[in-house]
Structure formats: structure tokens, C-alpha cells
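Chains P and A, in that order, are what the protein sequence lines are.
Heads up, the first sequence is in the working numbering, so the first residue is 0 and it goes up one at a time.
Heads up, the second sequence is in the working numbering, so the first residue is 3 and it goes up one at a time.
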Amino acid sequence: MNQAGFPLLSLITWLPLLGGAVILSLRGDEDVIAANARWAALWTSLIVFALSLLLWSEFDSSEAGFQFVENVPWLPEFGVGYRMGVDGISVLFVLLSTLLTPICILASWEAVRKNVREYMLVFLVLETMMVGTFCALDFVVFYMFFEGVLIPMYLIIGIWGGPRRVYSAFKFFLYTLAGSVLMLLALLAMWHSAGTADISVLLHTQFPTNMQYWLFLAFLASFAVKVPMWPVHTWLPDAHVEAPTAGSVILAGVLLKMGAYGFLRFSVPMLPQASAYFAPLIYALSVVAVIYTSLVALAQTDMKKLIAYSSVAHMAVVTIGIFTFNIQGIDGALFQMLSHGIVSGALFLCVGVIYDRMHTREIARYGGLAERMPAYAVTFMLFTLASIGLPGTAGFVGEVLVLFGSFKVNFWLSLLGGSGMILGACYMLYLYRRVIFGRLTRADLQSILDLSPREIALFAPLVLLTLWMGVYPSSFTHFFENSVSAMVVQHRAAIEGTSRAAARASFPLASRMVVPVAQNVVH
Amino acid sequence: MNWFLALPEIVLALSGLGILLLGVIKRDDATQICSMLTIAAFVLCGVLIAGSALGTAYEGQFFADPISVFAKLLILAAGALSILLSFDFNERGHIARFEFPVLVLFAILGMTMMVSAGNMMSLYLGLELQSLSIYVLAAFARDDLRSSEAGLKYFVLGALASGLLLYGISLVYGFSGSMDFGGIAHALVDPAAVSPGVIVGIVFIITGLAFKVAAVPFHMWTPDVYEGAPTPVTAFFATAPKVAAMVLFARVMMGPFGHAHGQWQALIEIISIASMVLGALAAIGQTNIKRLMAYSSIGHMGYVLIGIACGNAAGLRSVLIYLVVYVFMNLGTFAVILAMRRRGEAVETIADLAGLGRNDPALALAMTVFMFSMAGIPPLSGFFGKLYVFLAAVQSGLWGLAVIGVLTSVVGAFYYLRIIKVMYFDEPGLAFDRRAPSLSVVAAATGVFTTFFFLLPAPVLNAAEAAAKVLFG
């Protein structure tokens with residue numbers, strides 16, 4: 000058994016479903032059901048969050064391997080088991096998921112009036128799938144959770160979304176599915192080749208280099224859509240715009256991280272040679288994404304769309320960081336993922352606050368909100384600055400670490416990747432000026448109300464975390480430092496192994512490409 | 003001679019005759035009692051099969067092995083559930099006659115013979131017994147023009163397929179000198195020495211069997227027959243005969259023709275790819291849900307054919323697993339389709355499902371489960387069907403099939419999602435009539451199976467594994 004003494008991860012994963020069962024069993028007239036469903040969902044998610052805090056406190060950050068491991072035979076003759084466990088890389092994402100879920104439920108308290116019971120049920124199912132994705136230590140189990148996320152998210156966008164919800168829901172589902180099924184094939188190939196689907200074994204399995212290239216491309220198809228990387232990012236703005244506020248928060252906060260997590264969990268450690276070989280491709284796509292989507296964000300007239308494009312740019316910084324293969328880069332990428340999860344989630348909540356009041360996300364419809372909503376203006380400002388990467392906020396640490404990491408690889412990569420911070424400042428401050436400053440001229444804005452106590456409760460933990468992560472980042476980085484350095488060491492060893500082998504020929508194309516990159520990486 | 007091995011079939015045949023007799027003798031309406039007795043006969047037969055010994059009987063013409071046991075239990079379950087589904091529909095459609103369950107019973111008897119066949123002759127007899135019963139069933143609503151058309155169409159095309167099959171059998175017999183599966187296998191041990199005549203015969207046999215499983219390009223009858231036949235009959239068509247024909251297909255290809263794998267593999271691959279692609283693309287434009295299910299089943303048969311194309315133990319295993327999953331999610335879907343009734347009239351366009359999520363959340367939830375499962379989304383059972391098929395393809399190095407398979411499953415997901423969209427996202431239409439309890443039972447049972455298959459897949463997997471060992475010991 001693990002150090003918690005009981006299957007903690009399974010409890011965190013499956014407890015939301017229990018809450019869902021409770022919600023399903025509610026009886027009464029519609030208002031009663033709605034009210035009870037809200038409370039049941041909130042309590043379930045709070046209890047889950049409390050349990051995950053136990054994970055936070057019990058987690059031994061000096062240990063690089065997997066902890067809280069559970070292993071139940073499931074299909075033993077196929078080498079598949081129900082294996083759960085977290086290491087430094089995944090543990091904080093579990094916490095991020097369990098933190099954002101109660102916030103989302105609270106954010107939907109009044110905004111969702113239609114089919115409340117189903118809404119809460121679907122959200123709890125979504126929580127199970129998200130947590131499960133980060134905890135799974137078996138490929139098949141991972142894939143089930145990873146793909147299972149599509150079902151609740153499709154319904155959230157499609158049922159409770161905006162006017163073009165059907166189009167967006169389909170686009171989201173089919174894009175993601177198309178990528179994932181290719182990953183499924185890669186998964187099957189690895190399963191077949193290694194004889195087990197145990198991730199902790201696969202992490203130390205050496206796959207033939209030729210095979211790695213194909214596996215990497217298949218993984219890329221899946222994770223690039225999920226991250227999303229340019230040019231397969233187009234589903235994201237649509238999905239964000241049409242999703243209800245809470246759906247956007249989860250989408251930006253957790254779902255995008257699944258792609259980057261996939262790179263870190265599978266592509267980089269399991270396919271080191273292919274990762275090094277394809278790293279220039281990733282750099283190129285990421286740099287394009289940083290610059291292009293930032294410029295696109297600048298031109299948006301819809302607040303959610305703007306933040307959605309900014310997410311693409313921020314996640315591109317994450318992919319750059321991951322593929323620098325050095326400690327700073329990967330640490331930075333992880334930190335950036337966490338801070339982006341909180342900050343962009345909070346930004347979508349900020350949009351949600353005024354959307355609930357005015358029912359429009361058109362930037363031009365606002366202006367001068369500082370006059371009527373001082374508390375809101377301060378909150379929005381904090382998250383705007385955090386998104387830009389102001390020192391002292393969460394956004395700064397991750398970006399700077401990634402820049403350090405990428406500087407070791409290539410000066411131009413660092414320069415172009417870093418341009419995202421400047422462009423980010425442009426579009427975010429421009430957005431802020433148009434919404435908050437200026438004169439309050441529109442008649443319907445005259446009576447707009449400032450944050451309600453519920454909304455303050457919503458933002459308080461996020462504000463606190465943003466500052467905490469900015470001021471004292473090592474209370475978060477120490478979780479993953481050991482796991483990351485172990486991964487980097489393993490990656491270098493693998494690359495050095497091949498570059499020696501490659502020098503002895505046999506993979507003419509591979510040796511030509513891998514060696515220079517590998518040298519860049521190592522030094 | 004070990005005739006005892008065929009005891010379940012003998013019992014089934016005798017009870018079929020008994021039920022027929024009862025139906026004729028009984029003056030008043032005997033449908034109810036005959037249906038019940040048929041289901042009871044299926045259960046009895048199932049128990050006998052599960053408990054009977056394994057072996058070969060009638061000079062190698064009849065196999066009782068794990069493959070046939072697996073397939074027969076599945077076929078009987080599909081038959082019993084189909085009869086359960088027919089109660090309410092036949093009653094309301096004024097086609098409730100006692101012949102219905104009897105015909106289903108004889109069709110099932112034919113199917114059990116098919117999956118037990120160890121000789122081209124017993125294969126053909128089983129197939130014909132099944133087909134003849136099924137032609138009549140297709141035209142069972144004899145006052146309905148569409149149903150009669152479906153029956154006739156099915157009969158003409160089915161007879162053609164049987165002819166092709168028979169021609170193929172005669173060629174194989176002529177050139178290999180044997181009707182017996184073992185004898186044919188022995189004659190083909192050295193693929194290089196196989197005469198072209200046998201290969202032509204194999205092609206004809208593949209053609210005939212592809213007709214029966216409705217694989218492209220021999221699928222043309224399917225949409226019309228599915229649409230025209232009474233819905234419970236369609237539900238039956240989509241399940242039990244598919245299982246029987248597919249298992250037979252797998253056994254024939256991997257058993258007697260197993261050594262010639264290299265010769266027929268490309269053919270099966272082409273059929274499989276064509277079925278998957280057509281099943282995915284042609285279904286998109288459909289507005290009638292029964293036609294949609296026809297194309298969906300064509301697509302599913304394409305996936306099953308991947309397993310046959312592999313031609314090894316992993317392939318056979320995946321075929322069997324896929325069929326189990328397929329049968330239950332299909333029957334569940336048809337239970338929902340049968341519940342689509344407004345003011346006593348059956349409705350069958352997809353648009354009629356609009357707002358089901360509001361009007362009947364339980365039924366909509368069941369349908370959602372089936373649709374996501376058909377699309378192959380985990381953790382539902384449909385995912386596992388696809389998982390094992392693709393695993394077999396990857397293990398056998400059939401990358402082309404695997405890649406096309408997963409991509410068509412994405413296209414297929416589109417039309418399954420469309421049904422969910424209509425149920426939940428569109429504005430509600432009129433509510434359906436109260437659904438019959440029998441439909442609720444079937445939908446609930448298959449829904450539970452589809453949803454929770456992932457918790458306990460071991461029994462099905464182990465049985466399929468054991469069955470696969472028969473041909474690849």
C-alpha cells in the first residue's frame with residue numbers, strides 16, 4: 000500500500016462520481032432539485048479538494064519516482080492493470096483540477112439555470128476524468144480518462160453553450176478525437192512491443208529509433224491538438240467562445256494542460272531520440288504560435304476569443320520549455336502550465352462576471368467599468384498583469400525560466416519565444432484599457448454592480464495563489480524539481496547513448512539530425 | 003457416432019416443432035405463449051450448450067468447440083432479446099402472429115448450425131435454414147409495401163449470394179478433393195502448390211459470405227432491407243445473423259483456408275477498408291435512423307473484418323470480442339428506436355428524437371451511452387471492441403488497416419454525435435408515447451452492459467481467448 004495508507008488517488012478520482020450518483024437520485028420539483036444539485040456538487044468537489052490537500056501535504060518531494068501507487072490487476076494476461084500514482088510532474092495538476100472544479104461549480108451557481116442537475120452531474124464526471132488522466136499509470140487507463148474527457152466537455156459546450164454551440168462542440172470533439180485515435184495506435188504499438196501498458200515500465204523501455212519517429216508523430220497528433228499548437232488550434236477559440244464560463248475555465252485551466260502533460264509523460268521520456276529529432280519542428284510551431292496568435296489576439300473584438308488566443312500563445316511557451324530538455328526549461332514549462340491554469344481560468348471568470356451582468360462579451364460594449372466596479376477592476380488588473388508576466392505574479396516565474404532554458408538551446412529561439420511577453424503586454428493592456436478605463440458612457444452600464452460576495456469568494460483563492468506563486472515560487476517548484484532533474488538526466492543519457500551509436504552509422508538521416516540537436520541540448 | 007454433441011440443436015429443433023404445433027392447434031391468439039416458449043427454449047438451449055461436452059461429431063461435420071459455444075450463446079442471447087423487443091411492436095403494428103417467434107427460432111437454429119459447421123455441406127445447410135427464415139421475417143408485415151419489398155429484395159440478393167457461395171464450394175471441392183474443413187486445410191498446406199481453381203473458389207466463397215455480413219461492395223441490400231423490415235426484425239437482422247455469418251466467415255478463412263492466408267488477405271483488407279469508409283461516409287447524409295443503423299452496421303462489419311484479415315489468434319479473439327460488444331449496443335439502440343412512437347405511430351427519422359433529453363431523460367441517457375459506445379469512446383464497451391481489433395492489426399503489422407480504421411471511426415463519430423446533438427441540443431418536439439416495459443428492460447440491461455463492461459471484461463476476454471486457441475493452438 001502507499002504512504003497514505005488507503006487508496007487516496009482512487010478516492011480523489013472516483014468520489015466525484017459518487018456525488019454524481021447522489022445528484023442523479025435527487026427527487027422533487029425542479030427548483031428543489033436544482034438547489035440540491037448545486038449544493039451536492041459543491042460539497043462533493045470541496046471534499047475532493049480537501050482530500051487532494053492531503054495529497055499535497057503527504058507528498059514526498061525528495062522522491063523522484065511515483066508515489067501513492069495503487070495497482071489492481073485488470074486484464075493481467077494483456078499486461079494491463081488499474082495502476083494509479085503521481086510523481087512531481089503530475090501531483091500539482093491533480094490539485095489544479097480539484098481546485099478549479101469547486102470554483103467552476105460556484106461560478107455556475109446563478110449563471111446556469113437550465114438543466115442544473117445534469118450540468119452538475121456532467122461537471123463531476125468531468126472532474127473524475129481530469130483527475131484520472133493525471134493519476135493514471137497505465138496506458139490503457141490513461142487513454143480511457145484522456146478520451147473520456149470528451150464526453151462531458153462535448154455536452155457542456157453543446158447544451159449550455161452560446162449560439163454557435165453545436166458547431167463548436169462538434170469541432171472540439173472531432174479535432175480532439177482525430178488526434179487521439181492516432182495516439183491510440185502508438186499506444187498499441189508500444190504495448191505490443193513492450194508487452195505491458197505499465198507507464199512506469201515503459202518509461203525505462205528503449206524503443207528502436209525508427210519506431211520512435213512514428214510514435215512521436217502519432218503522439219504529436221494527439222497532444223498538439225490538445226495543447227493546442229499552431230496550426231491545429233482553431234477549435235480552441237470556437238470552443239471557448241461558445242462554452243459557458245465554467246466550461247472555459249476548465250478548458251483553459253486543465254484540459255489544455257493534458258496535452259503538455261502528455262508530452263512530458265510520454266513523448267520526452269519514452270521517445271528521447273525522436274523528441275530530440277523533432278524538437279526543431281516543435282520550436283518552429285511554437286514560435287509561430289507565440290507571434291501569430293498574439294497578433295491575432297490583438298485584433299479580437301470578443302473578450303473570450305482574445306483570452307483564448309492568448310492561451311494558445313502561452314501554451315506555445317510551455318511547449319518550447321518542454322522541448323529544451325533542460326531543467327530550467329521543463330521546470331519553467333511546468334510552472335507556466337500551473338500559473339496559466341490559474342490565471343487564464345481567472346481571466347475567463349472575470350469575463351464571466353461582466354457577461355452575467357450584460358450578456359455580451361463584445362469589448363466595444365464596455366468601457367469605464369472602474370467607476371462602478373472598483374473591486375472588479377483591481378481583480379481583473381491583477382490577472383491581466385499576471386498574464387503578461389509581471390514579476391511578483393505567477394506568470395513571471397514560468398516565462399523567465401523557459402526563457403533561460405531556451406537561451407541555452409538557441410538565442411533566436413529565446414528571443415522569438417520571449418517576444419510573446421511583449422506582445423502579451425500589448426493585447427492584454429489594450430483589452431484592459433478598453434474595458435475598464437475610459438469614460439462610462441453607456442446607459443446600461445450606469446447601474447452595473449460590483450463583485451458579489453459569491454464572486455469575491457470565487458476570486459479570493461485565485462488571487463492568493465497568483466501572488467503566492469509569484470512571490471514564493473519554490474513552494475511549488477520543489478514538488479517537481481526532483482522528478483524533472485531525473486527526467487533530464489535520463490534523457491541526456493539516452494541521447495548520448497544514441498549519438499555514440501549513430502556515429503557508428505546505420506541511421507544516416509537520424510544521425511545527421513540528432514547529433515547537432517543533442518549537442519545543443521547537452522551543453 | 004457422437005450425436006450427443008448436437009443435443010442442444012436437436013432440443014431446439016424439437017421445441018421449434020412443438021411450438022409451431024401449439025400455435026396451430028391453439029384456437030385463440032397464441033403469440034404471447036409461443037414467444038415465451040421460444041425464449042424459454044433459447045434459455046434451455048443455452049444452458050445445454052454451456053454444459054455440454056466439446057468435440058467433433060457426425061464425421062467431422064459438426065464441431066462443438068469453444069468458438070461455437072461462444073458464438074451460440076451470443077446468438078441465443080441476441081435472439082431472445084430480439085423476441086423481447088418484438089412484443090410491443092408487433093402487437094401495435096397488428097402483425098402479432100405466432101409464426102414470428104417460430105421463424106426466429108428456426109433462423110437461430112440455422113445460425114447455431116453455421117457456427118458449428120465443420121464441413122462445407124453443413125455450413126451451407128445451416129446458412130440456408132437461417133436465410134430462408136430470415137427472408138420471411140423481412141416480409142413479415144405482409145400488408146406493408148416496404149416490408150414486402152424488403153423481403154423480396156433480400157430474397158433475390160440472398161439467393162444470388164447463396165448461389166455464388168455454392169459455386170465457390172463446388173470449385174473448392176473440385177480442386178481440393180474435399181468438403182471437410184480438415185481435408186481442405188490439409189490440401190492447402192503448401193500454398194505454393196495450390197491450384198488457381200481453389201483460389202477462385204475461395205474468392206466466390208468470400209463473395210457469398212461478404213453478402214451475408216453486408217460488407218462493401220455486397221452491401222446494397224442492407225439499407226433498404228433495414229428500412230423496410232419491421233423494426234424488431236431489423237434489430238434481429240443487425241445482431242444474430244451478423245454474429246453467425248461473421249464467426250462462420252472467420253472460421254472458414256482461418257480454418258480450412260488458413261494456410262492460404264497470403265492469398266486472401268488482401269481481398270479481406272479491401273473489403274474491410276471499403277466497408278469502414280462507406281459505413282462512415284454514407285451514414286452522414288441519412289435522415290432515417292434505421293437506414294443510419296444499416297450503414298453503421300456496415301462500418302462495424304468493416305472493423306470486424308480487420309480481425310479476420312489478421313488471420314491469427316489475436317485477430318480471431320478481436321472478432322469475437324467485437325461481436326459481443328456490437329450485439330449488445332445494437333440491441334440497446336434498437337430498443338430506443340422501437341420506443342420512438344407518437345400517438346401510436348412508429349416514427350423513424352432522426353429529427354423525431356429532438357428534445358428527447360428533456361422529454362425522457364432516461365431513454366436519452368441510454369441512447370447517449372449507445373451512441374458514444376458505437377463511436378468507440380472509452381470507457382464504454384464499444385471502445386474495447388475497437389481496442390482489440392486495432393491491437394490485433396498492430397500486432398499483425400497491418401498498419402494501413404489500423405490507420406484507416408481509426409480515421410473512419412472519427413468520421414463515424416460525427417454521425418453518432420449528431421444523434422446526441424438532436425436529443426440534447428435541439429428544441430424539444432412532442433414527447434413519445436409511454437414506452438413498453440419490455441423495451442425499458444432491454445435498453446436498461448444492454449445499457450448497463452455497455453457502460454460497465456470495462457469493470458469486468460475478463461469473462462468475455464477469457465472466453466474469446468479460449469475460442470481463439472481452437473484454431474491457433
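Quick reminder that beta carbons are idealized off the backbone N, C-alpha and C, glycines included.
What you are looking at is a predicted structure, and each value in this text was computed from that prediction instead of being measured.
Closer than 7 Å at the C-beta level to chain A, one finds no residue of the segment 26 to 39 of chain P. Counting along the chain, residue 461 of chain P sits inside the alpha helix (DSSP H) bounded by residues 452 to 470. Close to chain A, meaning a Cβ-Cβ distance shorter than 8 Å, are the following residues of the segment 166 to 193 of chain P: 168, 169, 172, 173, 176, 177, 180, 181, 183, 184, 187, 188, 190 and 191. With a cutoff of 8 Å on beta-carbon distance, residue 343 of chain P and residue 243 of chain P are scored as not near each other. Under a criterion of Cβ atoms nearer than 9 Å, the residues of chain A adjacent to residue 158 of chain P are, in order, 359, 426 and 427. Excluding sequence positions up to five before and after residue 332 of chain A, its CB lies within less than 6 Å of the CB of 240 and 241, all in the same chain and listed in chain order. Considered as a whole, the segment 371 to 397 of chain P harbours 373 to 387 as its complete alpha helix (DSSP H) runs of no fewer than 4 residues, in chain order.
DSSP places residue 367 of chain P in no beta strand (DSSP E); its state is neither H nor E.
Against residue 411 of chain A, the close residues of chain P are 180, in the order they occur along the chain (beta-carbon pairs closer than 7 Å).
For the pair residue 328 of chain A and residue 418 of chain A, the Cα-to-Cα distance works out to about 15 Å. No residue range can be given for residue 299 of chain P, since it is assigned to no alpha helix (DSSP H) and is classified by DSSP as neither H nor E. Under the Cβ distance rule, residue 404 of chain A counts among the residues neighbouring chain P, one pair being separated by less than 8 Å. In this structure the segment 187 to 194 of chain P does not touch the segment 444 to 455 of chain A; the number of beta carbon pairs closer than 8 Å is below three.
Of all alpha-carbon atoms in A:470, A:469, A:471 and A:458, the one lying nearest the alpha-carbon of residue 75 of chain P is that of A:458. Only 381, 392, 393, 396 and 397 from the segment 381 to 399 of chain A bring a Cβ to less than 7 Å from some Cβ of chain P. No Cβ of chain A is located within less than 8 Å of the beta carbon of residue 69 of chain P. Linking residue 209 of chain P to residue 180 of chain P through their CA atoms gives a straight-line distance of about 21 Å. Counting the other CB atoms within 10 Å of its CB gives residue 214 of chain A a total of 16 or more, which places it among the buried residues. Between the alpha carbons of residue 301 of chain P and residue 307 of chain P lies a distance of about 10 Å. Contacts with chain P at 8 Å (Cβ-Cβ) do not include residue 451 of chain A.
If you look at residue 66 of chain P, you'll find it in the beta strand (DSSP E) that goes 66 to 74.
When rounded, the separation of the alpha-carbon atoms in residue 364 of chain A and residue 245 of chain P is 26 Å. Checking the DSSP bridge columns, you'll see residue 80 of chain P partnered with P:72.
A Cβ-Cβ separation of about 7 Å places residue 93 of chain P in contact with residue 11 of chain P under the 8 Å criterion.
For residue 254 of chain P and residue 356 of chain P, the gap between their C-alpha atoms comes out near 27 Å. If you keep only unbroken alpha helix (DSSP H) runs of at least 4 residues inside the segment 215 to 245 of chain A, you get 223 to 230.
Residue state for residue 355 of chain P is assigned as helix, using DSSP reduced to three classes. For residue 35 of chain P, the three-state secondary structure derived from DSSP is helix. In the structure shown, residue 86 of chain P adopts coil according to DSSP, grouped into three states. Secondary structure remark: continuous alpha helix (DSSP H) runs of at least 4 residues inside the segment 393 to 453 of chain P, in chain order: 393 to 408 and 410 to 435. Residue state for residue 233 of chain P is assigned as coil, using DSSP reduced to three classes. With contacts defined by Cβ atoms closer than 8 Å, residue 229 of chain P and residue 317 of chain P do not form a contacting pair. In chain order, 101 place their CB closer than 8 Å to the CB of residue 45 of chain P, counting only its own chain and leaving out the 5 sequence neighbours on each side. With at least 16 other beta carbons inside 10 angstroms of its own, residue 307 of chain A counts as buried.
Pairing residue 304 of chain P with residue 239 of chain P gives a Cβ-Cβ distance under 8 Å.
In the structure shown, residue 332 of chain A adopts helical secondary structure according to DSSP, grouped into three states.
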